[in-house]
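Undergrad: For reference, the structure I am asking about is given below.
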Amino acid sequence: MSIYSHKKIEKKWQKYWEEHELFRARDDSPKPKLYTLIEFPYPSGEGLHVGHPRPYTAMDIISRKKRMDGYNVLYPIGWDAFGLPTENYAIKTGQPPAKVTKKNIANFTRQIKSLGISFDWSREVNTTDPAYYKWTQWIFLQLFKHGLAYKSKIAINWCINCKIGLANEEVVGGVCERCGGPVEKRLKDQWMLAITKYADKLLEGLKEVNYIPQAQTQQENWIGRSEGAEIDFKIQGSGRNIRVFTTRPDTLFGATYMVLAPEHELVGQLSESISNLKDVEEYIAQAKRKSDLERTELQKEKTGVELCDVRAINPANNEEIPVWVADYVLGGYGTGAIMAVPAHDERDWGFAKKYGLKIYPVVLPYGGSTTFGNSMVQVRKEVVNKIIDVQPFIREGFNIESKFLNGLKTAEAKIKMIQWLEKEKIGACKIQYKLRDWVFSRQRYWGEPIPLVFCEACAKFHKGESVGEQTNPGWIPLPESELPLKLPAVKKYEPTDTGESPLSAMSKWVNTKCPRCGGAARRETDTMPNWAGSSWYFLRYIDPRNDKEFASMDALKQWMPVDWYNGGMEHTVLHLLYSRFWNRFLFDIGAVPAREPYKKRTSHGMILAKGGEKMSKSKGNVVNPDDMVEQYGADTLRTYIMFMGPFDQAVEWDPQSLVGVHRFLERVWTTSERVSNEAPCPKNIIRQEHQSIKKVGEEIEVMRFNTAVAHLMTFSNTLYKLEKVPRGAYKTLLVLLSPFAPHVCEELWAMLGHKSSITEEKWPAFDSALLEEETFELVIQVNGKIRDKYIVSFGITEEALRAEVLKRPKVEAVLNGAKPQQFRYISGKLVSIVA
RNA sequence: GGUCCAGUGGUGGAAUGGUAUACACGCAACACUUAAAAUGUUGUGCCCUCAAGGCAUGCGGGUUCGAGUCCCGCCUGGACCACCA
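Under the numbering used here, the letters of the first sequence match residues 357 to 1191, in that order.
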């Protein structure tokens, strides 16, 4: 008995695939194209983690199967290599990040290659390579020129540990997403990208793609579109207005007070008229001291303070209403101020109850009839008043006590109110998004330099050649011929104590000439965030060595969009949104052919350590795939990872279960010794062969890899038990198994005498006529309980079956002479009798 | 607090409304062996000495000839969002 030695065969076949360029995507192929994509890894110093192979193997199986189906598949790999861990390592050890990155990439390459993933390595990209980031800078300049990049002094989230500004999205639960440390607000001049201008396009685009539902709704929620109106409320005797945003303009008649966010500028402007200014200032100071975390944690008890002697006018009914400051209103959303309608909003209701503010219902629930006499409205209003004593009425209904809105349904009332507001010039229709602009500056070294200089002379004397220059006076883009703007070598990698990037300390680099006027200018010293390079890498794979363009339109037309993108749930909001934004922008300027970059998005679950914990270096529970490859081989590791559990769910790593898969592959191996050309292939084997072709193929397509492996095991076990194994059936087993365990299948395929690679085989077709069985086990239920089973042939008529079934002793015993009231036959499955 | 998802043997998990527990792991007995490992064979939800039978998919109801699957209410766990006006 020969022994299956993965060490001998795996290296051999990996070399064979590489030498024969079997996984090269062809730009000139007549076959239909398929672009499969995984999220390219960040090459950390720790090396690969067992979590990585899960998506890589899954998409590898799909890519290999699709090649066998006759597709020209592009399945590329690269490195998202800018980032903090490398920079922090550089700070600690003094080694240049570029050097560390190179070493890490070499290690990742070795590890990934040892898994036998069918990547097209000839298209490898690296975000830190100047030949790559030249085009990241180029795309940024296009955004700048089209007025989508702007500098803004805004309060940003500042991580005290990392000494770095964070995007809103990177602050999770009030703490830094990277280090978990505290975050404070700081004012800083930042480059921003106006993604909000694309909010509608990004929302619309979701209609033409096929994403898993969670990804779809997460994108929608993040963009957070809501339709409503902006309304101006006059402040009594000051000439100033409070502008609010509301989604319920129909409830304007029920607005009984107003609330400003503590950050709202009006508080300062009105200070002279506020009689209790000291209390108000104290409250605001308190609110500022609260972190975002506290402000959201203290959700139950709302707090606030009235601006005494400040009164606003409700423009609908000209009533005077009080104005409050409360931190349940957010400075960053809408206008930072609200009209409070406590009868019809949960938060306003809670606040009004606590502080004894007026609650005035103006919407009644729909009744059975849409027309109500006055007396009926009166009765219903009393009922509603009672209800509103306990809880607000927040659903739709019809208006009362609202003059020209009376009797209208909510939807109609909204429209009518907006028309009225516009006519009176006190308000207008408004669409509001939760999405914020993207903070694009980092005060860090290890990122793409921003290719702009600041020229004081140009700021004063030149109008600027593009929208970007006009909106950012003095900021001049580098000409394309000066790209890439390379990262200079520095001595120290720490951000400076003032929070500036280490580049700012390099006066030689910073002080330069203005490309516009030739005068003295200073370079931008901030760098781009991590997300920049990963926002367009899927475009570069298509034409990775092009030095004239980021990718040629011809090549882009051939490959875009990505047909199938699989990645982690942690990236379904930000990375997906940012890269969709860049792609859509490039589409709008005519640089790419597809409106949406990804046709289909799926997601894999995490691999957890034993006990359900996340694997992490600090817990010391990280499983290194190297050890698994060494001990059992890549084929076992790959197949096991697919077999562990449903692909989209989290699974616990269980080293004990690995041996089961290893035994399975060993049995496939030893079965080869009994393969015979003469062995007849019985009908039941042929049937199982065709059932396997059908099931395994279908299950790969829908990512049900665990059951696909189970079917392969069942088929393999059947063949294993035969004394002589029919050659055809065994060949089918190898072909079906080859996407999962490619090395061992190649070796066995060659041992059968084949001269070409199994990857060049066609995926077999099944014959539906051969799938069907001739007999089945009939189940007999009496009154819902299984009483008997026996084998019958498929051809039997219902009449004949009925006669047989009723004579079965067990059935007779239960019926006890009674005549069945119902006899139901579910063809090919069971009989259900009701006595 | 909201939204979504899940709860099935000792374990990971299978089941177009139609035989619950496929496929594995583990465990037990046996075979091979001086012995062990490896391998193979058989068994393995619970109650019952066997058989017959009964009971089992978080809990309680409902629909149905038939419910793990559909509906209603609850319990538990996870993921995401978190005062979005």
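All C-beta atoms, glycine included, are put in the ideal place defined by N, C-alpha and C. Keep in mind that this is a model prediction, so the values were computed, not measured.
Beta-carbon within less than 6 angstroms of Ser631's beta-carbon, same chain only, minus the 5 sequence neighbours each way: which residues are those?
TA: Around Ser631: Cys664, Asp665.
Undergrad: At what residue ranges does the region 667 to 752 contain a whole run of the alpha helix (DSSP H), taking only runs of 4 or more?
TA: Listed in chain order, the complete alpha helix (DSSP H) runs (minimum 4 residues) inside the region 667 to 752 are 702 to 711, 730 to 746.
Undergrad: Would Ser385 and Ser474 qualify as a contact pair, given that the criterion is a beta-carbon distance under 8 angstroms?
TA: Not in contact: Ser385 and Ser474 (Cβ atoms no closer than 8 angstroms).
Undergrad: Could you name the residues that DSSP lists as bridge partners for Asn566?
TA: Paired residues: Lys956.
Undergrad: Suppose contacts are defined by Cβ-Cβ distances below 8 angstroms. Is Tyr801 in contact with Leu859 by that definition?
TA: Going by C-beta atoms, Tyr801 is nearer than 8 angstroms to Leu859.
Undergrad: Which same chain residues, not among the five before or five after Ile591, have their C-beta less than 6 angstroms away from its C-beta?
TA: Hits under 6 angstroms: Ala668.
Undergrad: Tell me whether the beta-carbon of Val1100 lies closer than 8 angstroms to the beta-carbon of Ile516.
TA: No, Cβ-Cβ distance for Val1100 and Ile516 is not below 8 angstroms.
Undergrad: Who are the Cβ neighbours of Tyr391 in its own chain at under 7 angstroms, not counting the five residues just before and after it?
TA: Around Tyr391: Leu430, Trp915, Val918, Asp919.
Undergrad: Taking C-alpha atoms, which residue in Glu637, Gly610, Asp635, Gly690 lies nearest to Ile598?
TA: Out of Glu637, Gly610, Asp635, Gly690, Gly690 has the C-alpha closest to the C-alpha of Ile598.
Undergrad: Excluding five sequence neighbours on each side, which residues of the same chain lie with their C-beta closer than 7 angstroms to the C-beta of His1046?
TA: Contacts found: Phe1122, Asp1123, Leu1126, Leu1127.
Undergrad: Just mark Ala700 as buried or exposed, buried being the case when its beta carbon has 16 or more other beta carbons within 10 Å.
TA: A quick correction: the sequence has His, not Ala, at residue 700. Classification for His700: buried.
Undergrad: Output the boundary residues of the beta strand (DSSP E) element that contains Thr492.
TA: Where Thr492 is concerned, there is no enclosing beta strand (DSSP E), although the alpha helix (DSSP H) it sits in stretches over 486 to 501.
Undergrad: What separation, rounded to the nearest whole angstrom, lies between the Cα atoms of Met984 and Lys1145?
TA: Cα to Cα, Met984 sits roughly 46 angstroms from Lys1145.
Undergrad: Assuming Met984 is part of the alpha helix (DSSP H), what are its boundary residues?
TA: 981 to 987 is the extent of the alpha helix (DSSP H) around Met984.
Undergrad: Alpha carbon to alpha carbon, how far is Thr465 from Lys1221? Give it in angstroms, no decimals.
TA: The chain is shown only over 357 to 1191; residue 1221 falls outside these bounds and no answer can be derived.
Undergrad: Using CA atoms only, rank isn't needed, just tell me which of Ile461, Arg380, Gln572, Ala381 is closest to Leu930.
TA: Comparing Cα positions, the closest option is Gln572.
Undergrad: In the structure shown, what three-state DSSP assignment does Val1135 receive?
TA: DSSP places Val1135 in strand when its eight states are reduced to three.
Undergrad: Do the CB positions of Thr492 and Gly889 come within less than 8 angstroms of each other?
TA: Cβ atoms of Thr492 and Gly889: closer than 8 angstroms.
Undergrad: Considering only residues of the same chain and omitting the five flanking positions on each side of Lys1051, which have a CB-CB separation below 8 angstroms?
TA: Same-chain partners within the cutoff: Thr1063, Ala1064, His1067.
Undergrad: How would you label Arg879, buried or exposed, when you count the other beta carbons within 10 angstroms and need 16 or more for buried?
TA: So Arg879 counts as buried.
Undergrad: Roughly how far, in whole angstroms, is the beta-carbon of Ala611 from the beta-carbon of Ala693, given that I think they are within contact range, below 8 angstroms?
TA: Their Cβ separation, rounded to whole angstroms, is 12 angstroms, which puts Ala611 and Ala693 out of contact at 8 angstroms.
Undergrad: Which term fits Leu1114, buried or exposed, when burial requires 16 or more other beta carbons within 10 angstroms of its beta carbon?
TA: For the sequence presented, residue 1114 should be read as Ile rather than Leu. Per the 10 Å Cβ criterion, buried.
Undergrad: State buried or exposed for Leu843, treating a residue as buried only when at least 16 other CB atoms are found within 10 Å of its CB.
TA: Buried is the call here.
Undergrad: With H, G and I counted as helix, E and B as strand and the rest as coil, what does DSSP make of Met884?
TA: Here Met884 sits in coil by DSSP.
Undergrad: If we ignore side chains and look at the alpha-carbon of each, how far apart do Ser361 and Thr1027 end up?
TA: Distance between the alpha carbons of Ser361 and Thr1027 is about 15 angstroms.
Undergrad: Whose CA, out of Trp1025, Glu1022, Thr992, lies closest to the CA of Pro1011?
TA: Checking every option, the nearest Cα to that of Pro1011 belongs to Thr992.
Undergrad: Taking its Cβ as the centre, do 16 or more other Cβ atoms sit within 10 Å of Glu952, making it buried, or is it exposed?
TA: Flag for Glu952 reads buried.
Undergrad: Look at the alpha carbon of Ile782 and the alpha carbon of Lys563, and state the distance between them as a whole number of angstroms.
TA: Straight-line Cα distance between these residues: approximately 35 angstroms.
Undergrad: On the criterion of 16 or more Cβ atoms from any shown chain inside 10 Å, does Lys1185 qualify as buried, or is it exposed?
TA: When all chains shown are included, Lys1185 counts as exposed.
Undergrad: Among Asp476, Leu764, Pro441, which residue has its Cα nearest to the Cα of Glu375?
TA: Residue Asp476 is the option with its Cα nearest to Glu375.
Undergrad: Secondary structure at Arg1180, three-state DSSP: helix, strand or coil?
TA: Strand, per DSSP.
Undergrad: Do you know offhand how far Gly660's Cα is from Tyr554's?
TA: Each residue's alpha carbon lies about 36 angstroms from the other.
Undergrad: Taking 8 angstroms as the threshold, find out whether the region 444 to 451 comes into contact with the region 854 to 874 through three or more Cβ pairs.
TA: With a cut-off of 8 angstroms, the region 854 to 874 and the region 444 to 451 do not count as touching, because too few Cβ pairs lie within range.
Undergrad: Which residues mark the beginning and the end of the alpha helix (DSSP H) in which Ser1072 is found?
TA: 1061 to 1076 is the extent of the alpha helix (DSSP H) around Ser1072.
Undergrad: Kindly identify the DSSP beta-bridge partner or partners of Leu1014.
TA: Answer is none; Leu1014 lacks a bridge partner.
Undergrad: Any contact between the region 439 to 446 and the region 824 to 837? By contact I mean 3 or more CB pairs, one from each, below 8 angstroms.
TA: Because the criterion of three Cβ pairs below 8 angstroms is not met, the region 439 to 446 and the region 824 to 837 do not touch.
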